[in-house]
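Novice: Residue numbers (this note's numbering): 34 to 163.
Sharing a structure, written as structure tokens. Questions coming.
The structure is reproduced here in structure tokens:
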């Protein structure tokens, strides 16, 4: 826990928002559905693929399902596939996966593209088709 606290303090010192960390017992996990419903307006992202509960999860599955890695990643893969079909490329899909709002999508892609190019150069192969 001390590592998590020092990591959080370090992120805050760098100007990043505080991270939320919960250590729930079994009863609290069962009550998690209600907790997320109460804060759904806060754009809560759930699971390994950070699925936004407000826009994707509400009414489709329980919080516990969204926190299951296989369920979460399966949904994310299908969603990315749909976005690629709709917008024509892997990179466009990545942007729209982050946000449909152009302003936020552009900010995200400005940060994402240098990382993408660096990783692509390191890999020595084409990561995305377009």
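Built from N, CA and C at the ideal position, the CB exists for glycine as well.
Can you check whether the CB of residue 80 is closer than 7 Å to the CB of residue 99?
Specialist: yes
Novice: Can you find a heavy atom of the ligand GDP that lies under 6 Å from the Cβ of residue 88?
Specialist: Ligands are entirely absent from the displayed structure, and the ligand GDP is therefore not among its contents.
Novice: Short check: CB of residue 84 to CB of residue 92, under 7 Å?
Specialist: Not closer than 7 Å, so no.
Novice: Where does residue 81 sit, in a helix, a strand or coil, going by DSSP?
Specialist: coil
Novice: Look up residue 139 in the DSSP assignment and say whether it is helix, strand or coil.
Specialist: Residue state, collapsed to three classes: helix.
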